[in-house]
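To start, the structure itself, in structure tokens.
Number of protein chains: 2
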Amino acid sequence: MLQEAPVSGLNLHVSVDCVVFGFEFGKLNVLLLERKMMFQGQEYKDLKLPGDLVRKDEDLDTAAARVLKELTGLENIYLKQYAAIGTPNRLTRLERDMEWLRQIGHPEEVVVTVAYYSLLNIDQERINKFQLQEDVKWHPVSQIKELAFDHMEILADGLEALRTELRSNPIGFELLPSKFTLSQLQKLYEVILGVNLDKRNFRKKVTNMPYVIPINEKERGVSHKPARFYIFNKKIYEKTRKNSLDFSV
Amino acid sequence: MLQEAPVSGLNLHVSVDCVVFGFEFGKLNVLLLERKMMFQGQEYKDLKLPGDLVRKDEDLDTAAARVLKELTGLENIYLKQYAAIGTPNRLTRLERDMEWLRQIGHPEEVVVTVAYYSLLNIDQERINKFQLQEDVKWHPVSQIKELAFDHMEILADGLEALRTELRSNPIGFELLPSKFTLSQLQKLYEVILGVNLDKRNFRKKVTNMPYVIPINEKERGVSHKPARFYIFNKKIYEKTRKNSLDFSV
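These protein sequence lines are chains Z and C, in that order. Take the first sequence: its position 134, counting from 1, is numbered 136 in our numbering, and each next residue is one higher. Take the second sequence: its position 111, counting from 1, is numbered 113 in our numbering, and each next residue is one higher.
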């Protein structure tokens, strides 16, 4: 029922922002753009998430893929929508954000943004061969102290969405080689969840998962005691899940 | 980086739509508005989700609560954002939708909508005492064949989001009395998930949940064999969950 729509409800703008996480075995990274401008008579640099306005002729998922490709060079990446944010003052809390909007000729009006996240294994060759644009770099998530606009909040929400997904679905296995050790699996969870897990409890838990299967093959050419390899069986996982209410833990 | 934002990216509009599910022990309902208009010389009626444009001075959650209250009378209800949808032709696929937009003076431009869902127990007195507005009614989800615009898809996505939530979190217990029977718990899951569950498997599963606890009290005044009551212990649930990776099933 739009009869009483106030005129002030019109002319919001819509953007997409992309939080692309890059997993390495040592740390979790996020892809950020360098923003440069003149501010109070000096050159000023800071970082922001890749994001831009949505066009009228594209849906939101298409916009997210287009913007990510245009601004970073990454393409053909699974992007998951996780939030829409429309806090009225979200772009104008800081003087330097307003100054930047003026310099690039952006209308100073409310922008509702739709946020997407993605998770890549940047140790893998496929990802390394992407040519990232010059002003785009991976930054360790734990070292980021400040971003433009409300991008710290968008990043924090994206990290929370990723962790929820990791705790509910077997997305972690997609980042591992098809044969992996339990140490690798544990490290992956630790890096993404940002916690240390007890080795014994972790192994006990994995042992109870019928879809994580030990195979008759061990590491070779390592200086420590060779660890056994495991595989993830998606069919067994789906069967287990189908017979479950899933709210059990 | 907004430098290259095309002018065509501006002047989208933003709305919120609310999918309010009403649980009864017999069936799952959704709250719909009757839409009336003159179409091709005749009075035409159909149904839509409660939704309206967002104002510039409010954030999206506030807009959803306001719109729901204005259009239905419901207030102080937890609304969960689950999707943003911006398919370019989403409002103009059907002639009667375009006609309605013209009749109410709505600009025929792209509206990105942010969708929210809620789940209420409408058997409970608290909900029944709400005065619903005259053109607003509960409809059994299973009987809905057609809605305005893309609201069938928004409803289907909302139902999927609700089911995912029910499978991942103990939201079902909030709809039950503090003391409940296993039959009530099973019925709740069956109604929301839209499936029949095997009684024996269901009970076996619940028995393995340390946070669903039998108490020393049974039904009274029933013609069948009185069933035992259970309670849900949130503290035990959270402790169990905290020690878990949660991706196990």
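Think of the CB as a built atom: it goes at the ideal place given N, C-alpha and C, for glycine as much as any other residue. Here the structure is a predicted model, which means the values were calculated and not measured.
Give me the subset of the region 54-76 of chain Z whose CB atoms are less than 8 angstroms from a CB atom of chain B, sorted by chain position. Checking the listed chains, one finds no chain B in this structure; the protein chains it contains are Z and C.
If I follow the unbroken beta strand (DSSP E) through VAL18(Z), where does it start and stop? The residue given as residue 18(Z) occupies position 16 in the first sequence. Here the beta strand (DSSP E) through VAL18(Z) covers 15-25.
Quick check: what's the CA-CA separation for PHE204(Z) versus GLU162(Z)? Along the first sequence, read from residue 1 onward, the residue named residue 204(Z) stands at position 202. Along the first sequence, read from residue 1 onward, the residue named residue 162(Z) stands at position 160. Rounded to whole angstroms, PHE204(Z) to GLU162(Z) spans 21 angstroms at the Cα level.
Quick check: what's the CA-CA separation for GLU45(Z) versus ILE233(Z)? Taking the first sequence and counting its residues from 1, one reaches residue 45(Z) at position 43. Taking the first sequence and counting its residues from 1, one reaches residue 233(Z) at position 231. Spanning the two alpha carbons is a distance of roughly 52 angstroms.
Going by beta carbon distance, what residues of the same chain come within less than 7 angstroms of TYR213(C), once the five residues before and after it are set aside? The residue given as residue 213(C) occupies position 211 in the second sequence. The beta carbon of TYR213(C) is closer than 7 angstroms to those of PHE234, ASN235, ILE238, TYR239 and THR242 in its chain, skipping five residues each way along the sequence.
Helix or strand or just coil, what does DSSP make of ASN245(Z)? Against the first sequence, residue 245(Z) aligns to sequence position 243. Residue confidence is low: ASN245(Z) scores 47 on pLDDT, short of 50, so the model does not pin down where it sits. Its coordinate-derived value is still stated next. DSSP places ASN245(Z) in coil when its eight states are reduced to three.
Going by alpha carbons, who is nearest to SER17(C) out of ASN171(C), LEU62(C) and LYS206(C)? For the purposes of this step, residue 17(C) is identified with residue 15 of the second sequence, where counting begins at 1. Minimum Cα distance to SER17(C) is reached at LEU62(C).
Strictly by DSSP, which residues pair up with THR115(Z)? Against the first sequence, residue 115(Z) aligns to sequence position 113. Its beta-bridge partners are SER17(Z) and ILE87(Z).
Starting from the beta carbon of SER120(C), find every residue of chain Z whose beta carbon is closer than 7 angstroms, and list them in chain order. Counted from its first residue, the second sequence places residue 120(C) at position 118. Under the 7 angstroms cutoff, chain Z gives no residues; its nearest Cβ is about 17 angstroms from SER120(C).
May I have the straight-line CA-CA distance separating GLN133(C) from GLU72(C), to the nearest angstrom? By 1-based counting over the second sequence, the position of residue 133(C) is 131. By 1-based counting over the second sequence, the position of residue 72(C) is 70. So the two alpha carbons sit approximately 12 angstroms from each other.
Quick check on the DSSP output: the alpha helix (DSSP H) that includes VAL208(Z) runs from which residue to which? For this step, residue 208(Z) is matched to residue 206 along the first sequence. The continuous alpha helix (DSSP H) containing VAL208(Z) extends over residues 201-209.
For VAL9(C), three-class secondary structure by DSSP: Numbered from 1 along the second sequence, position 7 holds the residue referred to as residue 9(C). Its pLDDT being 42, under 50, VAL9(C) is placed unreliably by the model, and the measurement read from it follows with that caveat. Look at VAL9(C) here: in three-state DSSP terms it is helix.
Between the region 145-177 of chain Z and chain C, which residues of the former have CB atoms less than 8 angstroms from a CB of the latter, in chain order? Flagged, chain order: LEU168, ARG169, SER170, ASN171, PRO172 and GLY174.
Closer than 8 angstroms, CB to CB, is HIS15(Z) near chain C or not? For the purposes of this step, residue 15(Z) is taken as the residue at position 13 of the first sequence. At a cut-off of 8 angstroms between C-beta atoms, HIS15(Z) counts as an interface residue with respect to chain C.
Report the option in LEU168(Z), ALA158(Z) and LYS181(Z) whose CA atom is closest to the CA atom of LEU195(Z). Taking the first sequence and counting its residues from 1, one reaches residue 195(Z) at position 193. Closest option to LEU195(Z), Cα to Cα, is LEU168(Z).
Contact defined as beta carbons within less than 8 angstroms: I believe LEU81(Z) pairs with ALA67(Z). What is the distance between those atoms, to the nearest angstrom? Stepping through the first sequence from its first residue, residue 81(Z) is reached at position 79. Stepping through the first sequence from its first residue, residue 67(Z) is reached at position 65. Right, their Cβ atoms sit about 6 angstroms apart.
Interface residues of chain C around THR209(Z) at Cβ under 8 angstroms? Counting from one through the first sequence, the residue named residue 209(Z) turns up at place 207. The premise fails here: THR209(Z) is roughly 11 angstroms from chain C at the closest Cβ pair, so nothing lies under 8 angstroms.
Near-chain C residues of the region 84-98 of chain Z (beta-carbon distance less than 9 angstroms), N- to C-terminal order: Going along the region 84-98 of chain Z in chain order, one finds ALA85, ALA86, ILE87, GLY88, THR89, PRO90 and ARG92 with a Cβ nearer than 9 angstroms to chain C.
Taking all protein chains shown into account, decide if ASP54(Z) is buried (16 or more other Cβ within 10 angstroms of its Cβ) or exposed. For the purposes of this step, residue 54(Z) is identified with residue 52 of the first sequence, where counting begins at 1. Its Cβ being crowded by 16 or more others within 10 Å, ASP54(Z) is buried.
Confirm, please, whether the CB-CB distance from THR115(C) to ASP19(C) is below 8 angstroms. By one-based count along the second sequence, residue 19(C) stands at place 17. By one-based count along the second sequence, residue 115(C) stands at place 113. Yes, the pair counts as a contact, with Cβ atoms nearer than the cut-off.
Among all the DSSP beta bridges, which residues are the ones paired with ALA120(Z)? Mapped onto the first sequence, residue 120(Z) falls at position 118. Before going further, note that residue 120(Z) is Ser rather than Ala in the sequence given. Beta-bridge pairing links SER120(Z) to VAL22(Z).
When you compare the CB positions of ASN31(Z) and ILE173(Z), do they come within less than 8 angstroms of one another, or not? What you label residue 31(Z) is simply residue 29 of the first sequence in a count that begins at 1. What you label residue 173(Z) is simply residue 171 of the first sequence in a count that begins at 1. No, the pair does not count as a contact, with Cβ atoms beyond the cut-off.
Helix, strand or coil at GLY53(Z) according to DSSP, with G and I counted as helix: Here residue 53(Z) corresponds to residue number 51 of the first sequence, with the count starting at 1. Strand.
Looking only at DSSP bridge pairs, what is LEU30(Z) linked to? Taking the first sequence and counting its residues from 1, the one referred to as residue 30(Z) is at position 28. According to DSSP, LEU30(Z) bridges with PHE25(Z).
Classify ASP159(C) as helix, strand or coil using the three-state DSSP reduction. As a position in the second sequence, residue 159(C) is number 157, starting the count at 1. Reduced to three states, the DSSP call for ASP159(C) is helix.
Please report how far the alpha carbon of ALA229(Z) lies from the alpha carbon of GLU77(Z), in whole angstroms. Taking the first residue of the first sequence as position 1, residue 229(Z) is located at position 227. Taking the first residue of the first sequence as position 1, residue 77(Z) is located at position 75. Distance between ALA229(Z) and GLU77(Z), taken at the CA atoms: about 36 angstroms.
Below-8 angstroms beta-carbon distance, VAL22(C) vs any chain Z residue: The residue given as residue 22(C) occupies position 20 in the second sequence. Proximity of VAL22(C) to chain Z, defined by a Cβ-Cβ separation below 8 angstroms, is not satisfied.
Looking at the structure shown, is VAL138(Z) part of a helix, part of a strand, or coil, going by DSSP? For the purposes of this step, residue 138(Z) is taken as residue 136 along the first sequence, with counting starting at 1. Of the three classes helix, strand and coil, the one that applies to VAL138(Z) here is strand, per DSSP.
Tell me, which residues are paired with LYS220(Z) by DSSP? The residue you call residue 220(Z) lines up with position 218 of the first sequence. BP columns for LYS220(Z) point to ARG230(Z).
Using 10 angstroms around the beta-carbon of ASP59(Z), count the other beta-carbons present and answer buried if the total reaches 16, otherwise exposed. In the first sequence, counting from the first residue as 1, residue 59(Z) sits at position 57. When all chains shown are included, ASP59(Z) counts as exposed.
Please tell me whether VAL32(C) has its Cβ less than 8 angstroms away from any Cβ of chain Z. For this step, residue 32(C) is matched to residue 30 along the second sequence. False, the Cβ-Cβ gap to chain Z never drops below 8 angstroms.
Residue burial classification, MET40(Z) (beta-carbon count within 10 angstroms, cutoff 16): If you number the first sequence from 1, residue 40(Z) lands on position 38. Answer is exposed; the Cβ neighbour count stays below 16.
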